[in-house]
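**Q** Here you go, one structure.
In the UniProt record's numbering, the protein residues as written are 1 to 471.
Here's what the structure looks like:
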């Protein structure tokens, strides 16, 4: 946060509340329904991202975005960032997720081996107007609700519940002490009954299955799923184009040099870990690696999965080494002093998440082409899981939206002025109604952008080929 934001947070609670109330007069909550649509070029925004990505993976990214309007929305964070910069803002900032749609929330293990629910994607994290995350989350509710066949009334009810959930949570955090906010978290086991009961018996069973699946996704599960034994040793199974061993890449690729570079990165990145975890990292030895395609919006960025071995072959550790490019928000906000994109991702995640991955770290390396690239490193799979948005019923999406909204408010309250934001939101529905109107209009805009994207692919302006289902 900048110096002015820090000074504001050190004011008295009364002064901070007054600042929020004054902001309501400057930027009325009802104004957040505004959505300027002139001078837009969504296809151009997406085309501009192509040069920084691996050429052979760009068609897969576009194919995944063609799967549905919601898949397009997931991949279009840069498009929405260019739209959000022209919308009203209260003037209060927080560390943003930058891509706070429904699928970027989920379950994972804390270091204490508790299953938590939190934001789980920080590629676009950046300090900015807290409203942007709220609008992207709410619009994802409307896009997904329509795709699930909900009525307009059901979709609006879920969207309103989401924004109200953010408002109510921020009011709650405004009354808590700093440490209480920092320690707040969603423990899945503790929340299971409330969520499952609200969804009904059938949907509740799906929640239980999702929890069971998440708990089963550990490193041994990944070992069985992604590797095989060859000549007495473990190696990652080649499954192109989504998981590709170095030997299966283009002939001109210098596999040995890439492997040596990645091994060096694994060793050096450990210096970004906390003492103790550095020593833990040093206790593992390199076994194998492969390139992996992940997500929708991230497809085309460089991403490696690495198999390490601890005590013996039954003690695996899988790391994901992912390229960190500039946040889609950066071009639209004040520049920050941080110029290491890997460090930016890690710092944003540590600020926003209730509990972090002990292996989360970063490094910088020079590629074989002579270009410097930033990376961040995390565990590939550690009890990671999510609910299936496409199978949600209206009431389930309403409850899930509120859960995501509470989580987002908690994340913002850790870095933003929770007291001023709560005062700005007030206790009425002006902001909720305005953001729901914005989300409804943005869903219409997203549908038009999706059609224009499809036309661009059909005309050959953008390449699209390969698997259309996100991993």
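Heads up, the beta-carbon is just placed ideally off N, CA and C, and yes, glycines get one too.
CB-CB under 8 Å to residue 364, same chain, minus the five flanking residues each way: which ones, in chain order?
**A** The residues are 340, 342, 372, 373, 374 and 375.
**Q** On the DSSP bridge list, what partners appear for residue 130?
**A** Note: residue 130 sits in no beta bridge, so no partner.
**Q** Need the endpoints of the alpha helix (DSSP H) that residue 383 sits in, please.
**A** Element bounds for residue 383: n/a, residue is neither H nor E.
**Q** Taking 6 Å as the limit between beta carbons, can you name the residues of its chain near residue 277, skipping five residues before and five after?
**A** Cβ neighbours of residue 277 beyond the five flanking positions: 358.
**Q** Going by C-alpha to C-alpha distance, which of 25, 81 and 384 sits closest to residue 36?
**A** Here the closest residue by C-alpha is 81.
**Q** Just mark residue 13 as buried or exposed, buried being the case when its beta carbon has 16 or more other beta carbons within 10 Å.
**A** By the 10 Å Cβ count, residue 13 comes out exposed.
**Q** In or out: residue 301 buried (at least 16 other Cβ within 10 Å) or exposed?
**A** So residue 301 ends up on the buried side.
**Q** Quick one: what does DSSP say residue 69 is sitting in, helix, strand or coil?
**A** Helix, per DSSP.
**Q** For the pair the region 137-153 and the region 180-194, tell me if three or more CB-CB distances fall below 8 Å.
**A** No, the region 137-153 is not in contact with the region 180-194.
**Q** Where in the region 87-132 do unbroken runs of the alpha helix (DSSP H), each at least 4 residues long, occur, reported from the N-terminal end onward?
**A** You should have found no qualifying run.
**Q** Sort 229, 38, 150 and 317 by Cα distance to residue 266 and report the nearest one.
**A** Ranking 229, 38, 150 and 317 by Cα distance to residue 266 puts 317 first.
**Q** Looking at the strands, I want to know which residues DSSP matches up with residue 292.
**A** Paired residue(s): 243.
**Q** Quick one: complete beta strand (DSSP E) runs, 3+ long, within the region 216-280?
**A** DSSP runs (the beta strand (DSSP E)) wholly in the region 216-280: 227-230 and 233-236.
**Q** Helix or strand or just coil, what does DSSP make of residue 424?
**A** Three-state DSSP puts residue 424 in a helix.
**Q** Within the continuous alpha helix (DSSP H) that includes residue 318, where are the two ends?
**A** Premise fails: residue 318 lies in the beta strand (DSSP E), 316-323, not in any alpha helix (DSSP H).
**Q** So residue 476 packs on residue 434, CB below 8 Å; how close in whole Å?
**A** This structure cannot speak to residue 476, because the chain is shown only from 1 to 471.
**Q** I'd like to know whether the C-beta atoms of residue 296 and residue 461 end up nearer to each other than 8 Å.
**A** Not closer than 8 Å, so no.
**Q** Where does residue 307 sit, in a helix, a strand or coil, going by DSSP?
**A** In this structure, residue 307 counts as strand in the three-state DSSP scheme.
**Q** Please state if the CB of residue 244 and the CB of residue 238 are separated by a distance shorter than 8 Å.
**A** Yes.
**Q** Tell whether a beta-carbon distance below 8 Å holds between residue 115 and residue 33.
**A** Against a cut-off of 8 Å, the Cβ pair of residue 33 and residue 115 comes out as no contact.
**Q** Quick check on DSSP: helix, strand or coil for residue 379?
**A** In this structure, residue 379 counts as strand in the three-state DSSP scheme.
**Q** Could you check what DSSP says for residue 173 in three-state terms: helix, strand or coil?
**A** Reduced to three states, the DSSP call for residue 173 is helix.
**Q** Can you grab the Cα-Cα spacing for the pair residue 53 / residue 176, in whole Å?
**A** For residue 53 and residue 176, the distance between alpha carbons rounds to 44 Å.
**Q** Using a 10 Å radius around the Cβ and a threshold of 16 neighbouring Cβ atoms, would you call residue 314 buried or exposed?
**A** Its Cβ having fewer than 16 others within 10 Å, residue 314 is exposed.
**Q** Can you name the residues that DSSP bridges to residue 373?
**A** Answer is 365.
**Q** Keeping to the same chain, check which residues put their C-beta closer than 8 Å to that of residue 145; ignore five residues upstream and five downstream.
**A** Contacts found: 154, 155, 158, 159, 394 and 397.
**Q** At which residues does the alpha helix (DSSP H) containing residue 359 begin and terminate?
**A** Here residue 359 belongs to no alpha helix (DSSP H), and DSSP marks it neither H nor E.
**Q** Using a Cβ distance threshold of 8 Å, determine whether the region 162-172 contacts the region 425-433, with at least three qualifying pairs required.
**A** Contact holds: three or more Cβ-Cβ distances are below 8 Å.
**Q** Check for me: the alpha helix (DSSP H) holding residue 449 runs from which residue to which?
**A** Counting along the chain, the alpha helix (DSSP H) containing residue 449 begins and ends at 430-458.
**Q** Quick one: what does DSSP say residue 334 is sitting in, helix, strand or coil?
**A** Residue 334 falls in the coil class under three-state DSSP.
**Q** Of the choices 77, 25 and 23, whose alpha-carbon is the least far from that of residue 43?
**A** Out of 77, 25 and 23, 77 has the C-alpha closest to the C-alpha of residue 43.
**Q** Could you spell out where the alpha helix (DSSP H) holding residue 84 opens and where it closes?
**A** Residue 84 -> alpha helix (DSSP H) spans 77-84.
**Q** Specify the secondary structure class of residue 27 as computed by DSSP and reduced to three states.
**A** Note: residue 27 maps to coil in three-state DSSP.
**Q** Considering only residues of the same chain and omitting the five flanking positions on each side of residue 31, which have a CB-CB separation below 8 Å?
**A** The answer, listed in chain order, is 88 and 434.
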